[in-house]
Amino acid sequence: MNEPFESIICIVNRGFTDLVMTAARQAGARGGTVISARGTGSPDVEKFFGVAVTPEKEIVIILVPRSIRDKVLLAVNEGAGMDTKGQGIAFAIPVSDTVGLQSPDPEDNETSADGQKADEE
Amino acid sequence: MAKDYDRTHRIHPLLFVTVIVNEGQGESIADIFEANEAYACYLSHGRGTASNDFYEVTGSGDRRKTVVHSIIREDRWPIVKKTLEERFAVSQMAKGIAYSVKITAVMAVSIYKMLSNNRFFEKPLPKKEKKGLFHRGKKQ
Chain F
1 MNEPFESIIC
11 IVNRGFTDLV
21 MTAARQAGAR
31 GGTVISARGT
41 GSPDVEKFFG
51 VAVTPEKEIV
61 IILVPRSIRD
71 KVLLAVNEGA
81 GMDTKGQGIA
91 FAIPVSDTVG
101 LQSPDPEDNE
111 TSADGQKADE
121 E
Chain R
1 MAKDYDRTHR
11 IHPLLFVTVI
21 VNEGQGESIA
31 DIFEANEAYA
41 CYLSHGRGTA
51 SNDFYEVTGS
61 GDRRKTVVHS
71 IIREDRWPIV
81 KKTLEERFAV
91 SQMAKGIAYS
101 VKITAVMAVS
111 IYKMLSNNRF
121 FEKPLPKKEK
131 KGLFHRGKKQ
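Keeping their order, the protein sequence lines are chains F and R.
The opening residue of the first sequence carries number 1 in the numbering used here; numbering runs sequentially from there.
The opening residue of the second sequence carries number 1 in the numbering used here; numbering runs sequentially from there.
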């Protein structure tokens with residue numbers, strides 16, 4: 001069963017969503033939506049420093065065709081991963097169905113039609 | 001008993017639905033979910049990531065969004081999807097995107113009952129049909 005879209009969820013430090021979107025766009029993503037979030041810091045770290053660590057985070061939601069999912073994830077890891085100031089983590093979840101999105105281009109459809117091949121690549 | 005719930009009752013698969021719309025449209029989307037027996041909706045503020053030029057060209061000039069999360073029964077999704085498609089087609093302002101993700105597990109039967117909102121029509125299966133959707137083919 002090949003769904004055409006996947007949702008990429010990227011959690012980054014607040015103020016660094018541009019890093020994520022720049023990387024994602026370069027890999028073929030069209031746009032995303034940012035929502036605010038709050039990280040729940042490690043209790044050990046809180047004990048060590050003696051202060052409550054409540055890092056401010058932002059979550060970027062990007063819907064992408066499955067065929068470019070890996071490319072976008074790699075790009076986000078390079079542009080906004082743990083080695084950058086954004087300290088982002090990203091993962092993809094399969095989407096059952098979508099509304100309001102254009103279908104992937106016919107070329108993309110061709111690659112997603114044999115999605116196994118695209119995934120393996 | 002709660003642990004036999006999936007054998008004695010019909011299990012309705014659940015979907016986690018996310019809708020992203022322009023700010024101010026969230027309540028209308030929540031109404032759609034409410035009309036389709038969703039137990040609850042969670043609305044949060046969001047921000048579009050398109051460039052300023054894009055917003056100027058499209059004339060919206062506003063990148064503020066509302067993100068609506070809700071959980072519905074899978075049998076309700078075709079109705080919700082059609083309603084959302086009609087809603088998004090009303091105007092440029094009403095445009096949005098939505099997607100659904102299958103929920104694979106919940107932490108308790110009580111939570112499932114709450115999320116599926118089946119409290120009004122919940123009935124045990126007749127004795128002959130006590131199989132359950134997740135029954136793995138073992139003979140009882």
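Glycine included, C-beta positions come from ideal geometry on N, C-alpha and C.
Predicted model only: the values in this text are computed from it and were never measured.
query: Where I9 of chain F falls, given that 16 or more other Cβ within 10 Å makes a residue buried; result: exposed
query: Cβ-Cβ separation, I103 of chain R to F33 of chain R (assumed contact under 8 Å), whole Å; result: Not quite, the Cβ-Cβ distance comes to about 15 Å (not below 8 Å), so this is no contact.
query: Partner residues on chain B for A105 of chain R, Cβ-Cβ distance less than 9 Å; result: Structure shown: chain B not included; protein chains present are F and R.
query: Below-9 Å beta-carbon distance, M91 of chain F vs any chain R residue; result: The amino acid occupying residue 91 of chain F in the given sequence is Phe; Met does not appear at that position. Output row for F91 of chain F: interface = no.
query: Chain F contact for F33 of chain R (CB, 9 Å cutoff); result: no
query: Cβ contact (3+ pairs, closer than 8 Å) linking the region 16 to 25 of chain R and the region 67 to 86 of chain R; result: yes
query: Residues that I9 of chain F bridges to, as DSSP identifies them; result: F:I61, F:F91
query: Beta carbon of I89 of chain F nearer than 9 Å to that of M82 of chain F; result: yes
query: Residues near V60 of chain F by beta carbon distance below 6 Å, same chain, minus five either side; result: C10, T17, V20, G32, V34
query: Continuous alpha helix (DSSP H) stretch holding S28 of chain R: start and end; result: 26 to 35
query: 9 Å Cβ cutoff met for L74 of chain F and Y99 of chain R; result: no
query: Same chain, Cβ closer than 7 Å to T22 of chain F, neighbours up to 5 away in sequence not counted; result: G79
query: Opposing strand residues paired with K102 of chain R [DSSP bridges]; result: R:L15
query: Listed by chain order, chain F residues near H45 of chain R by CB distance under 8 Å; result: I35, S36
query: Residue interval of the beta strand (DSSP E) (run including V99 of chain F); result: 97 to 99
query: Sequence-distant residues of the same chain with beta carbon closer than 8 Å to V106 of chain R, five excluded per side; result: L14, Y112, L115
query: Distance between beta carbons of A38 of chain R and N118 of chain R, contact taken as under 8 Å; result: So it is not a contact: roughly 12 Å between Cβ atoms.
query: Simplified DSSP state of Y39 of chain R, which is helix, strand or coil; result: coil
query: Option in F:S36, F:D70, F:P55 with minimal Cα separation from R47 of chain R; result: F:S36
query: C-beta neighbour in chain F for I79 of chain R, strict 9 Å; result: no
query: Alpha-carbon to alpha-carbon, R30 of chain F and Q92 of chain R; result: 18 Å
query: Beta carbon proximity, D19 of chain F to chain R, threshold 9 Å; result: A small correction: the amino acid at residue 19 of chain F is Leu; Asp does not occupy that position in the sequence shown. Closer than 9 Å: no.
query: Per-residue burial, G137 of chain R [other beta carbons within 10 Å of its own, 16 or more giving buried]; result: Because the pLDDT at G137 of chain R is just 48, under 50, the model does not fix this residue reliably, and the value given afterwards should be weighed accordingly. Exposed, by the Cβ-count rule.
query: CB contact below 9 Å: T98 of chain F versus chain R; result: yes
query: Other residues of its chain near R14 of chain F: CB distance less than 7 Å, five sequence neighbours each side excluded; result: E56, K57, E58
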